[in-house]
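Here the structure is laid out as structure tokens; the discussion comes afterwards.
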Amino acid sequence: MIRLMNVHKWFKDLHVLNGITLHVKAGEVVVVCGPSGSGKSTLIRTVNQLETINEGEIWVDGKNVADPKTDLNALRAEVGFVFQHFNLYPHLSVLDNITLSPIQVKKMTRPAAEKLAVELLERVGLAHKKDAFPAQLSGGQQQRVAIARGLAMQPKVMLFDEPTSALDPEMIGEVLKVMKDLALSGMTMMVVTHEMGFAREVADRVVFVDHGEILEQAEPEEFFLNPQHDRAKQFLRQLL
Ligand code: ADP
Ligand code: MG
1 MIRLMNVHKW FKDLHVLNGI TLHVKAGEVV VVCGPSGSGK STLIRTVNQL
51 ETINEGEIWV DGKNVADPKT DLNALRAEVG FVFQHFNLYP HLSVLDNITL
101 SPIQVKKMTR PAAEKLAVEL LERVGLAHKK DAFPAQLSGG QQQRVAIARG
151 LAMQPKVMLF DEPTSALDPE MIGEVLKVMK DLALSGMTMM VVTHEMGFAR
201 EVADRVVFVD HGEILEQAEP EEFFLNPQHD RAKQFLRQLL
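Residue 1 is where the sequence shown starts when you use UniProt numbering, and the numbers rise one by one after that.
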């Protein structure tokens, strides 16, 4: 479903992605972890072209996404993205946040989009908040709306960049639960997170990134019990 091949990215003379090769199969859940500044956000953002790349190839569901001819609206309809800071539209209700793209990009009728939005809000436990505005919701609720908004485009892949890092501790669980349910439903997911409990329970594979390189990738049990690389060992020690 996702195939990165020898991807390089520079910000001016800063080599942020240094030859990343990574394959994610349909239905797989891959957790990306690594130190701050190691290139995790840049990496995941290349998959839906929030960041362009300088070298290499990225394919999503058989489409070459780094090709300048790629229709970015169509790509982003297939690849949902959940940000650390939710990024809901503050002037729109919860319902309108979710229906906006299906109506504008997918040309869904408003009644069909609203029906879908309500179903998704039920799935994330927030149907009763459909008329609220983002500022009236807790961080955990906003992030669950953001996930529903991503799902409203009926994507093939969902990307998450530290979706619980901006949340108060008591709200992390409700967001992880929604993500776990999504994983169990068979969604292909790439998740940048330091929630190692989630990684252990839900991920098929953990990818450890440092200085723009994948130093290690393994099944969660293997990675946590028997990390190979010194920098992975050091990283895991710091999480404890
Ligand atoms: P992580 O998500 O692992 O913390 P990032 O991908 O955000 O790492 O950043 C990797 C490196 O690239 C960092 O050194 C960061 O400062 C730099 N960087 C990120 N975005 C930009 C940008 N838009 N312009 C210049 N440098 C950037
Ligand atoms: Mg980041």
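Note that beta-carbon positions come from the ideal geometry of N, C-alpha and C, so glycine has one too.
Residue i by DSSP, collapsed to three states: which one?
{"i": "glutamine 234", "result": "helix"}
{"i": "isoleucine 2", "result": "strand"}
{"i": "threonine 46", "result": "helix"}
{"i": "lysine 63", "result": "strand"}
{"i": "residue 247", "result": "Residue 247 cannot be examined here, being either before or after the span of the chain that is shown, 1 to 240."}
{"i": "glutamate 195", "result": "coil"}
{"i": "isoleucine 98", "result": "helix"}
{"i": "aspartate 181", "result": "helix"}
Measuring only the C-alpha atoms, how far is residue i from residue j?
{"i": "histidine 8", "j": "histidine 229", "result": "22 Å"}
{"i": "asparagine 54", "j": "tryptophan 10", "result": "7 Å"}
{"i": "phenylalanine 83", "j": "glutamine 142", "result": "11 Å"}
{"i": "leucine 17", "j": "aspartate 161", "result": "16 Å"}
{"i": "lysine 115", "j": "asparagine 226", "result": "47 Å"}
Cβ-heavy atom distance between residue i and ligand 1 below 8 Å?
{"i": "valine 209", "result": "yes"}
{"i": "phenylalanine 235", "result": "no"}
{"i": "leucine 14", "result": "yes"}
Mind checking whether the beta-carbon of residue i lies closer than 8 Å to any heavy atom of ligand 2?
{"i": "glutamate 162", "result": "yes"}
{"i": "serine 41", "result": "yes"}
{"i": "glutamine 143", "result": "no"}
{"i": "valine 82", "result": "no"}
Which residue or residues does DSSP assign as beta-bridge partners of residue i?
{"i": "isoleucine 53", "result": "Answer by DSSP bridge pairing: none, since isoleucine 53 is not bridged."}
{"i": "histidine 15", "result": "Trp10"}
On a Cα-Cα basis, can you pick out the residue from the options that is closest to residue i?
{"i": "threonine 193", "options": "Val202, Ser185, Phe133", "result": "Val202"}
{"i": "leucine 100", "options": "Ala148, Val124, His23", "result": "Ala148"}
{"i": "valine 105", "options": "Gly37, Leu182, Ala183, Gln154", "result": "Gln154"}
{"i": "proline 102", "options": "Pro90, Glu78, His85", "result": "Glu78"}
Sorry if obvious, but does the Cβ on residue i come closer than 8 Å to a heavy atom of ligand 4?
{"i": "phenylalanine 11", "result": "The ligand content of the structure shown is limited to ligand 1 and ligand 2, which means ligand 4 is not among them."}
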